[in-house]
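Everything below concerns the one structure shown next.
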Amino acid sequence: MITTAQDEINLYVFAVRAALGDLPESLRDELLEDLPEHLAEVAADGEGSLTDRLGSPEAYAADLRMSAGFVGGFPDPPGRTDQFKEMRDVALARLRVADVRLGPLFGAERASEFLVQLRPAWWVLRGYLAAMVLAWMLDDSGQPIGLLPRIGGSEAVALLLLAAGVLGSIWLGRRSVRLAHWPQMALYAGSVVLVLVALGGFLSADSSSRGAPYADVNYDNSNPYGNVEDLFVYDEQGRLVNNARIFDQNGSPLRLGNSYCYDESGNYTEVETLTYPYCAERDPFRVPGASAGTEAGERSGAPGTNGPGPVPPLTDRSGVSPSVSPSASASPSPSATSPSVSPSTR
Amino acid sequence: MDTTQLLKGVLDLACLAALRDEDGYGYDILRRLRTAGLTEVGDASVYGTLRRLFNAGLLTTYVVPSDEGPHRKYYALNPAGRAELQRSGKVWHGFASTMDDLLRERETA
Numbered sequence: 001m002i003t004t005a006q007d008e009i010n011l012y013v014f015a016v017r018a019a020l021g022d023l024p025e026s027l028r029d030e031l032l033e034d035l036p037e038h039l040a041e042v043a044a045d046g047e048g049s050l051t052d053r054l055g056s057p058e059a060y061a062a063d064l065r066m067s068a069g070f071v072g073g074f075p076d077p078p079g080r081t082d083q084f085k086e087m088r089d090v091a092l093a094r095l096r097v098a099d100v101r102l103g104p105l106f107g108a109e110r111a112s113e114f115l116v117q118l119r120p121a122w123w124v125l126r127g128y129l130a131a132m133v134l135a136w137m138l139d140d141s142g143q144p145i146g147l148l149p150r151i152g153g154s155e156a157v158a159l160l161l162l163a164a165g166v167l168g169s170i171w172l173g174r175r176s177v178r179l180a181h182w183p184q185m186a187l188y189a190g191s192v193v194l195v196l197v198a199l200g201g202f203l204s205a206d207s208s209s210r211g212a213p214y215a216d217v218n219y220d221n222s223n224p225y226g227n228v229e230d231l232f233v234y235d236e237q238g239r240l241v242n243n244a245r246i247f248d249q250n251g252s253p254l255r256l257g258n259s260y261c262y263d264e265s266g267n268y269t270e271v272e273t274l275t276y277p278y279c280a281e282r283d284p285f286r287v288p289g290a291s292a293g294t295e296a297g298e299r300s301g302a303p304g305t306n307g308p309g310p311v312p313p314l315t316d317r318s319g320v321s322p323s324v325s326p327s328a329s330a331s332p333s334p335s336a337t338s339p340s341v342s343p344s345t346r
Numbered sequence: 001m002d003t004t005q006l007l008k009g010v011l012d013l014a015c016l017a018a019l020r021d022e023d024g025y026g027y028d029i030l031r032r033l034r035t036a037g038l039t040e041v042g043d044a045s046v047y048g049t050l051r052r053l054f055n056a057g058l059l060t061t062y063v064v065p066s067d068e069g070p071h072r073k074y075y076a077l078n079p080a081g082r083a084e085l086q087r088s089g090k091v092w093h094g095f096a097s098t099m100d101d102l103l104r105e106r107e108t109a
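So the sequences go chain by chain: D and V. The first sequence begins at 1 in the UniProt record's numbering and counts up by one. The second sequence begins at 1 in the UniProt record's numbering and counts up by one.
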């Protein structure tokens, strides 16, 4: 490339200007206003290209920045990267202080020493997580995978995979210090992803173990109580029990149905207490038009209701639980005259 | 020891001193410093330092047209610059003699 001396100077100045690109325009103009003339003097006095004699434009710009940038009329506005670096430095300094302060808590000079001792434990955990993620990706059996890395529901595979994951992770962990920069970064990034996936898995495992008593009732179609909306409890005389509470063998309250009501005019109300029935006026055995204290109430023993009929023996398949599934109840019809008082009262 | 590191600290004073007896333009001042023995001083450093001293109000400038080349911007010490030269000169002498003493003690010890 053939250039005149002036071209060379212009190119050099241009490159210096570019290297100072983060400075404000006005500051840069001021700093460089004499540079072409100055470089002309340099070029006129001696042999060799400007780059040979002055170094690269970038190095020249760095020198210029250093010698001109700090004092008097040259405020050096901090760039974004400087601010970021500053914040990082401050954060690191605080971390170091906290590190030393927390040290005695772990019986060490610094808390980080304790964390370093925990490293092998992390390797084992990482191996487990990696095995879980691998199993989760490879398993297409559709069965719930559980807490072991099962593939196709096989425990043997799970244990093999677990052993491989843990051993591999330990091997990697012991080598990671000697890895080159990029493989090390990749390892760290992989670990971060694993931790995130593990957090997600942990949260879903946690919520499914907490929600287990309810989840099946509400969402599983094969559950016989899946379409239960409300629950009506009757005593032996067929009287509706209001505000009943039901529990399982562990004393956990059972929750069935939808805790809201539409009354006769279609108004929606939330039910706030876990007592049954939610909507007493929807009593399936209620005598239409009956009101409290009428003859109907005297006949059946309960105001406004006529009860589900005689108490069936438990062996009667069709009437195991009339209160839960009234549609399948043995009582042929909730007729107003069916005798509902069992002789064994008292 | 790296003299470029030392130079960073004293380049202001060196430039002021180079202008004590005679005004000069940028490249001229660089040559004076190099002739005086500061051979490692960089072109950009001198240029930047002169800009900074000027902006700090220690130098005045004037332009002299030149027939054969570009015009030259001359730098000259103003009273503030002379005062600064004197003050910094004292600091330097104190510093240099401290260093001298320190090195002498080390050598005899």
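We put the CB at the ideal spot given by N, CA and C, even for glycine. All values reported here derive from a predicted model rather than from experimental measurement.
Sort out for me which residues DSSP pairs Y12 of chain D with in a bridge.
-> In the DSSP output, where bridge partners are listed per residue, Y12 of chain D has none listed.
T273 of chain D classed as buried or exposed, judged by whether at least 16 other C-beta atoms fall within 10 angstroms = exposed
Within 8 angstroms (strictly less), CB to CB, does G42 of chain V reach chain D?
-> yes
Nearest neighbour of R72 of chain V, chosen from V:D12, V:V10, V:G26 [CA to CA] = V:G26
Which residues in the same chain as A198 of chain D place their Cβ atom closer than 6 angstroms to its Cβ, once the five residues preceding and following it in sequence are excluded?
-> L129
In DSSP terms, what Y74 of chain V is bridged to = V:Y25, V:Y62
Whole-angstrom distance between D140 of chain D and I246 of chain D, CA atom to CA atom | 39 angstroms
Would A18 of chain V count as contacting chain D if we go by Cβ distances under 8 angstroms?
-> no
Return the first residue and the last residue of the beta strand (DSSP E) that residue 132 of chain V is part of.
-> Here chain V has residues from 1 to 109 only, and residue 132 of chain V is not among them.
Chain V contact residues for A44 of chain D, given Cβ-Cβ distances below 7 angstroms = G69
In terms of residue numbering, what span does the alpha helix (DSSP H) encompassing C15 of chain V cover?
-> 3-18
Report the residues of the stretch 171-193 of chain D with a CB closer than 7 angstroms to any CB of chain V, ordered along the chain.
-> none
Partners in chain D for S88 of chain V, counting only beta-carbon separations shorter than 9 angstroms = Within 9 angstroms Cβ-Cβ: nothing; S88 of chain V doesn't reach chain D, min ~13 angstroms.
Candidates D:S176, D:F202, D:L203: closest to G190 of chain D by CA position = D:S176
At what residues does the alpha helix (DSSP H) containing T51 of chain D begin and finish?
-> 50-54
Leaving out five residues on either side along the sequence, give the residues of the same chain with a beta carbon under 6 angstroms from the beta carbon of M132 of chain D.
-> P149
Say whether chain D places a C-beta atom closer than 8 angstroms to the C-beta of G60 of chain V.
-> Checking the sequence shown, residue 60 of chain V turns out to be Thr, not Gly. Output row for T60 of chain V: interface = no.
Is the stretch 83-96 of chain D in contact with the stretch 65-82 of chain V, if contact means three or more CB pairs nearer than 8 angstroms?
-> no
Kindly list the residues whose CB is nearer than 6 angstroms to the CB of L59 of chain V, restricted to its own chain and excluding five residues on each side of it in sequence; keep chain order.
-> L53, Y75, G81
I think L13 of chain V touches G89 of chain V, with their Cβ atoms under 8 angstroms apart; what is that distance to the nearest whole Å?
-> 7 angstroms
Quick one: which residues of the stretch 22-43 of chain V get their C-beta closer than 9 angstroms to a C-beta of chain D? List them in chain order.
-> Y25, G26, Y27, D28, L30, R31, G42, D43
Is the beta carbon of G42 of chain V less than 8 angstroms from the beta carbon of A68 of chain D?
-> no
Can you name, in chain order, every residue of its own chain whose Cβ lies under 6 angstroms from the Cβ of R88 of chain D, other than the five neighbours on each side?
-> none
Should D76 of chain D be flagged as near chain V, meaning a C-beta pair shorter than 8 angstroms?
-> For D76 of chain D, the predicted model reports a pLDDT of 46, less than 50, meaning its position is unreliable; a value from the coordinates is still stated below. So no, D76 of chain D is outside the interface.
Buried or exposed: D283 of chain D, going by 16 or more other Cβ atoms within 10 Å of its Cβ?
-> buried
So with Cβ pairs under 8 angstroms, would you call S26 of chain D a contact of chain V?
-> no
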